[in-house]
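J.: Numbering (the numbering used here), first residue to last: 380 to 677. The beta-carbon is built from N, C-alpha and C at its ideal position, and this holds for glycine as well.
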Amino acid sequence: MTQGQHSADRHHATPERAGTPLSPQRRPLPARVGQRASAAIKQIPSWQREHWLLFGCILAAIMLVIAIVPGFAVAMRGELPQVRESIPLELPPLDVEGLDTGSLATDLYVGSSRERWVTAEVQPGQTLGELFESQGLSSRDLYRLLQNESTRDSLVKIHPGDQFAFLTPEPGKLKSLQFDVDAATRVVLTLDGDKVKERRIQRELERRVKVANGVIDSSLFESANAAGMSNAMTLELAKVFGYDIDFAQDLRVGDRFYVVYDEVYRDGERVSSGDILAAAFVNQGREFSAFRYRFADG
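(1) Around the Cβ of residue 625, are there at least 16 other Cβ atoms within 10 angstroms (buried) or fewer (exposed)?
(2) Is the stretch 498 to 512 touching the stretch 531 to 547 in the sense that three or more CB pairs, one from each, lie closer than 8 Å?
(3) To the nearest angstrom, report how far apart residue 594 and residue 668 are at their CA atoms.
(4) I'd like to confirm something about residue 603: is its beta-carbon nearer than 6 Å to some heavy atom of the ligand MG, or not?
(5) Residue 617 and residue 606 look like a contact to me (Cβ under 8 Å); what is the Cβ gap, rounded to whole Å?
(6) Compare the C-alpha of residue 648 against each of 634, 663, 584 and name the closest.
(7) I need the boundaries of the beta strand (DSSP E) containing residue 586, first residue and last residue.
(8) Could you check the C-alpha separation between residue 653 and residue 638 for me, to the nearest Å?
(9) Using only alpha-carbon positions, find the residue among 644, 574, 517 that is nearest to residue 528.
(10) Let me know if residue 518 comes out buried or exposed under the rule of 16 or more other beta-carbons within 10 Å of its beta-carbon.
(11) Quick check on residue 506: does DSSP put it in helix, strand or coil?
(12) Could you say which of 550, 614, 559 lies nearest to residue 537 if we only look at CA atoms?
(13) Where residue 662 and residue 651 are concerned, what is the direct C-alpha to C-alpha distance, given to the nearest angstrom?
(14) In terms of residues, what are the limits of the beta strand (DSSP E) holding residue 644?
(15) Who does residue 571 pair with in a DSSP beta bridge?
(16) Can you tell me the Cα-Cα spacing of residue 579 and residue 567, whole angstroms?
(17) Measure the alpha-carbon distance for residue 531 versus residue 524 and round it to whole angstroms.
(18) Rounded C-beta distance between residue 636 and residue 611? I'm assuming under 8 Å.
(19) Opposite residue 610 in the DSSP bridges: which residues?
(20) Do residue 587 and residue 563 have their C-beta atoms within less than 7 Å of each other?
(21) What's the C-alpha gap between residue 506 and residue 520?
(22) Can you give me the C-alpha to C-alpha distance between residue 533 and residue 553, rounded to a whole angstrom?
(23) Please report the straight-line C-alpha distance between residue 522 and residue 495, rounded to a whole angstrom.
(24) Name the two residues that bound the continuous alpha helix (DSSP H) containing residue 535.
(25) Buried or exposed, going by whether 16 or more other CB atoms sit within 10 Å of the CB of residue 597?
(26) Thinking just about the alpha-carbon of each residue, which of 504, 557, 671, 666 is nearest to the one in residue 336?
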């Protein structure tokens, strides 16, 4: 379209906008407005008209759902009333005697909920008699327990850190004593009149394989501890190569060691050191190695 054509169109439309007010003889106002609205709609591009039509349909559908769903929910609540009823359940009594107390990791000494076990740890220089006295128990009860031959040595040879559990239904009256004779066995001694009843509980042990290696900076123990090895395992390492290496004279800075060993765990906690399975030591450039094996006869 040329510039002249634009001017002509504007000139032709001017008298129509500047017309006089409508007289009574003209067409009614609603019809005039409808024509203008129709003309305005025709001037909107077709893609915009389609979008507005789609928006109107979606809006109508939303209003319809809002009007219907609340009434439907109310009707459903009316048809299906909620009923709550408590039903008592009778559970069988707990068999405390049948519990494997050695498999419980949360509490070292356990028993019936009506029983009160008190755990005491042996202090350096403390005797078993003094431990009994600290719990308000008489030496007479200790003497009766020592008459049980199978556990006498374990009661006499105690060490700092050992734990004993006392069951005392009344203050000063001992009923049972629990303690570990080794990492895998727990003993329960119960005073029954003039007799002592013994019960042994086998506890499951787990062996975990560890690997450690290090370089000697100042001493074997410092380097081994830095590698995660215990003092007991370090002593075992020195014993393995003690025939070939004089650890007091031959050790040098820069010497290296490699160790594969296991540790004993019970209820997820480390109980003791295990055995060295394989090891190698490089001392002043010389390499020594060792492997654990078992003879055919055991």
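T.: Result, derived from the coordinates:
(1) Walking along the sequence shown from the start, residue 625 turns up at place 246. Looking at its Cβ environment, which holds fewer than 16 other Cβ atoms inside 10 Å, residue 625 is exposed.
(2) Touching, per the Cβ criterion.
(3) Counting from 1 along the sequence shown, the entry for residue 594 is found at position 215. Counting from 1 along the sequence shown, the entry for residue 668 is found at position 289. If you draw a straight line from the Cα of residue 594 to the Cα of residue 668, it comes to about 16 Å.
(4) As for the ligand MG, it is missing from this structure, which has no ligand bound.
(5) The sequence position of residue 617 within the sequence shown is 238, counting from 1. The sequence position of residue 606 within the sequence shown is 227, counting from 1. Contact between residue 617 and residue 606 does not hold, since their C-beta atoms are separated by about 14 Å, which reaches or exceeds 8 Å.
(6) The residue labelled residue 648 in the question sits at position 269 within the sequence shown. Selected option, being the one with the closest Cα: 584.
(7) Here residue 586 refers to the residue found at position 207 when the sequence shown is read from its first residue. For residue 586, the enclosing beta strand (DSSP E) has its first and last residue at 585 to 594.
(8) Taking the first residue of the sequence shown as 1, we reach residue 653 at position 274. Taking the first residue of the sequence shown as 1, we reach residue 638 at position 259. Residue 653 and residue 638: Cα-Cα distance of roughly 12 Å.
(9) Indexing the sequence shown from 1 puts residue 528 at position 149. For the residues 644, 574, 517, the minimum Cα distance to residue 528 belongs to 574.
(10) Position 139 of the sequence shown, counted from the first residue, corresponds to residue 518. Per the 10 Å Cβ criterion, exposed.
(11) Translated into positions along the sequence shown, residue 506 becomes position 127. Under the three-state reduction of DSSP output, residue 506 falls in the coil class, being neither helix nor strand.
(12) Taking the first residue of the sequence shown as 1, we reach residue 537 at position 158. Residue 559 is the option with its Cα nearest to residue 537.
(13) As a first step, residue 662 is located in the sequence shown; it is residue number 283 there, counting from the start. As a first step, residue 651 is located in the sequence shown; it is residue number 272 there, counting from the start. Taking the straight line joining both Cα atoms gives about 29 Å.
(14) Along the sequence shown, read from residue 1 onward, the residue named residue 644 stands at position 265. Taken as a continuous stretch (DSSP letters only), the beta strand (DSSP E) holding residue 644 covers 635 to 645.
(15) In the sequence shown, the residue the question calls residue 571 occupies position 192. BP columns for residue 571 point to 574.
(16) Counted from its first residue, the sequence shown places residue 579 at position 200. Counted from its first residue, the sequence shown places residue 567 at position 188. Straight-line Cα distance between these residues: approximately 6 Å.
(17) Residue mapping note: residue 531 aligns to position 152 of the sequence shown, counting from 1. Residue mapping note: residue 524 aligns to position 145 of the sequence shown, counting from 1. Cα to Cα, residue 531 sits roughly 8 Å from residue 524.
(18) In the sequence shown, residue 636 corresponds to position 257, counting from 1. In the sequence shown, residue 611 corresponds to position 232, counting from 1. In this structure, residue 636 and residue 611 do not form a Cβ contact; the two beta carbons are roughly 16 Å apart against a cut-off of 8 Å.
(19) Residue numbering aside, residue 610 sits at position 231 when the sequence shown is read from its first letter. None, per the DSSP bridge assignment.
(20) Taking the sequence shown and counting its residues from 1, the one referred to as residue 587 is at position 208. Taking the sequence shown and counting its residues from 1, the one referred to as residue 563 is at position 184. Against a cut-off of 7 Å, the Cβ pair of residue 563 and residue 587 comes out as no contact.
(21) What you label residue 506 is simply residue 127 of the sequence shown in a count that begins at 1. What you label residue 520 is simply residue 141 of the sequence shown in a count that begins at 1. Here the alpha carbons of residue 520 and residue 506 stand approximately 15 Å from one another.
(22) Against the sequence shown, residue 533 aligns to sequence position 154. Against the sequence shown, residue 553 aligns to sequence position 174. Cα-Cα distance, rounded: 19 Å.
(23) Indexing the sequence shown from 1 puts residue 522 at position 143. Indexing the sequence shown from 1 puts residue 495 at position 116. Using only the alpha carbons, I get a separation of about 23 Å.
(24) As a working note, residue 535 is residue 156 in the sequence shown. Where residue 535 is concerned, the enclosing alpha helix (DSSP H) starts and stops at 528 to 535.
(25) In the sequence shown, counting from the first residue as 1, residue 597 sits at position 218. Burial state of residue 597 is exposed, judged by a 10 Å Cβ sphere holding fewer than 16 other Cβ atoms.
(26) Outside the modelled stretch of the chain, which goes from 380 to 677, sits residue 336, for which no answer is possible.
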